[in-house]
Amino acid sequence: MRKARYIPILSVAGGILGLVLRQIYLRRGFEPGTGLPIRDSIYSVPMWVFCVVLALALFFLSGGKHECFPKRYTAAFAPPDLPSKVTLLGGAFLMAAAGFLHLWAYTHRTVDILGQPSVGEGRLILGVLALIAAAAVFLIALSMLRGEAPNPYLLSMPGIAACFWVVANYQEWAKDPFVDRYMLALFAVVFAMLASAVTAGFGFGNGSVSSALFFSGEATAFCIMILGDGQPLYDVAITLAMAFLFLSQSMALSINDGIPQPPPPPEEEEEEAPAGGEDQDAAGGCAGCPSADAQGGCAGCPQETQAPQNDDTP
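Per this note's numbering, residue 94 is the first one in the sequence shown, and the count goes up by one each step.
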């Protein structure tokens with residue numbers, strides 16, 4: 094069994110343990126009344142040390158020799174078993190639910206005492222992109238179940254939604270002067286964008302198995318870690334959707350990586366068209382003409398239409 098098969102298990106287990114350490118830090122590292130960080134608090138140290146250890150473990154498991162998947166997204170990420178299929182479809186349904194929840198939150202938004210809306214336009218764009226990403230994932234899954242190559246331009250839609258995830262969260266993050274409170278959420282979004290970009294590269298012939306396994310595992314773990322941060326329901330939905338999508342990708346790739354892949358078909362060389370001289374004769378040019386032996390040559394041949402000139406002609 095390849096060591097890469099432990100990546101999905103480690104990402105889920107590491108995400109749950111990181112969630113526990115994150116909750117301890119949020120409850121013990123800040124004052125309950127004011128929400129200000131406690132000076133010289135050490136509760137953040139175990140959380141950050143664990144994040145580094147988890148990253149090193151995923152980097153070790155994702156390294157080594159892997160199969161080659163040139164322009165074979167289906168061969169790399171097609172779900173081979175029932176758990177990976179359920180996880181992939183679950184991520185698509187959660188992404189669709191996140192899109193509807195974002196649109197609902199934008200249409201039912203309120204304003205604070207300063208007149209600022211509780212949900213900005215970034216959530217509206219994110220809701221639309223989440224719905225498009227959900228439809229793209231459904232089409233990708235349908236193509237893979239049929240054994241066909243999905244449209245490569247659909248593969249980047251979860252990553253585009255993750256880009257606007259940052260934009261939508263900036264409104265809330267900008268109000269908080271303490272970076273530690275949203276740093277893990279920022280890491281989750283960044284790894285989601287990187288994982289989507291790397292996996293989409295398989296559809297264009299530039300996929301890296303090691304990078305896809307590492308970033309998918311990191312994105313899954315960090316998305317699980319931030320589930321207990323007290324996010325609104327629409328943010329929880331898109332966080333779960335990203336966790337399910339990248340977990341399904343790491344599950345499928347870690348299994349398919351152990352299956353030997355056939356060599357890519359050789360590219361057919363274009364045959365050069367015969368040009369003039371002996372090639373024409375071999376192809377049946379002048380030799381196949383019924384009037385080739387007639388006096389004065391063939392009247393239809395451009396090379397014989399002109400009479401030969403003698404050197405003695407003045």
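Glycine included, every Cβ here is placed at the ideal spot set by N, Cα and C.
Item to complete: Determine the burial state of T180: buried for a count of at least 16 other Cβ atoms within 10 Å of its Cβ, exposed for fewer.
Response: Flag for T180 reads buried.
Worksheet item: Pick from P325, D350, I317, G111: whose alpha carbon is nearest that of L338?
Response: The residue with the shortest Cα to Cα distance from L338 is I317.
Worksheet item: Taking just the CA atoms, how far does L306 sit from K96?
Response: The alpha-carbon atoms of K96 and L306 are separated by roughly 11 Å.
Practice prompt. For L271, count neighbouring Cβ atoms within 10 angstroms of its own Cβ and tell me buried if that reaches 16, exposed if not.
Written response: One detail in the question is off: residue 271 reads as Phe in this sequence, not Leu. Around the beta carbon of F271, fewer than 16 other beta carbons sit within 10 angstroms, so the residue counts as exposed.
Worksheet item: Taking the runs of the alpha helix (DSSP H) that are 4 residues or longer, which of them lie wholly in the region 206–275?
Response: Runs found: 214–238, 250–266.
Worksheet entry | Every unbroken alpha helix (DSSP H) within the region 108–162, with a cutoff of 4 residues, ordered by chain | Correct list: 137–155.
Discussion item. So for D350, helix, strand or coil by DSSP?
Written reply: Correct three-state label for D350: coil.
Worksheet item: Roughly how many whole angstroms lie between the Cα atoms of G122 and S289?
Response: Going by C-alpha positions, G122 is about 33 Å away from S289.
Worksheet item: Helix, strand or coil for G294 per DSSP?
Response: Three-state DSSP puts G294 in a helix.
Discussion item. Short of 7 Å in beta carbon distance, which residues of its chain neighbour L219, apart from the five on each side in sequence? Order them along the chain.
Written reply: H195, A254, F257, W258, A261, listed in sequence order.
Item to complete: Taking 8 Å as the threshold, find out whether the region 320–331 comes into contact with the region 186–200 through three or more Cβ pairs.
Response: By the criterion of at least three beta-carbon pairs nearer than 8 Å, the region 320–331 is in contact with the region 186–200.
Item to complete: Under 7 Å Cβ to Cβ from Q264, same chain only, skipping five residues before and after it: list those, please.
Response: In its chain, beyond the 5 residues on either side, G213, G215 have a beta carbon closer than 7 Å to the beta carbon of Q264.
Item to complete: Might you give, ordered along the chain, the residues of its own chain that have their beta carbon closer than 8 Å to the beta carbon of Q116, omitting 5 neighbours on each side?
Response: Within the same chain, Q116 has close Cβ partners G321.
Worksheet item: Can you tell me where the alpha helix (DSSP H) with T200 in it begins and where it stops?
Response: Element bounds for T200: 175–200.
Worksheet item: When you compare only the Cα positions, how much space is there between V283 and A168?
Response: Whole-angstrom Cα-Cα distance: 26 Å.
Discussion item. Once DSSP output is grouped into helix, strand and coil, what is the label at A53?
Written reply: Past the edges of the chain, shown from 94 to 407, lies residue 53, and the structure says nothing about it.
Discussion item. Does S104 come out as helix, strand or coil in the three-state DSSP assignment?
Written reply: DSSP, reduced to helix, strand and coil, places S104 within a helical segment of the structure shown.
Worksheet item: Should D350 go down as buried or exposed, given a rule of 16 or more other Cβ atoms within 10 Å for buried?
Response: Buried.
Item to complete: Could you spell out where the alpha helix (DSSP H) holding A305 opens and where it closes?
Response: Element bounds for A305: 302–318.
Worksheet entry | Neighbour-count burial assignment, P125, 16 or more Cβ in a 10 Å radius | Exposed is the call here.
Practice prompt. Please name the residue in T292, F315, Y275, Y118 whose C-alpha comes closest to that of Q342.
Written response: Shortest Cα-Cα distance from Q342 to any of T292, F315, Y275, Y118 involves T292.
Worksheet item: Measuring CA to CA, which of M250, Y99, W141, T127 is closest to Y118?
Response: From the listed residues M250, Y99, W141, T127, the smallest Cα separation to Y118 is found for W141.
Discussion item. For L340 and W197, I'd like the C-alpha separation in whole angstroms.
Written reply: Their backbone Cα atoms lie some 27 Å apart in a straight line.
Item to complete: Look at the Cβ atom of V230, then the Cβ atom of A281, and state whether they are nearer than 8 Å.
Response: Going by C-beta atoms, V230 is not nearer than 8 Å to A281.
Fill in: Cβ pair L114, P130 closer than 8 Å
Cβ atoms of L114 and P130: not closer than 8 Å.
Worksheet item: What is the rounded straight-line gap between the Cα of R120 and the Cα of Y136?
Response: Rounded to whole angstroms, R120 to Y136 spans 9 Å at the Cα level.
Worksheet item: Which of helix, strand or coil does DSSP assign to T332?
Response: Residue state, collapsed to three classes: helix.
Discussion item. Can you look up Q342 in the DSSP assignment and give me helix, strand or coil?
Written reply: In this structure, DSSP gives Q342 a helical state, which the three-state scheme calls helix.
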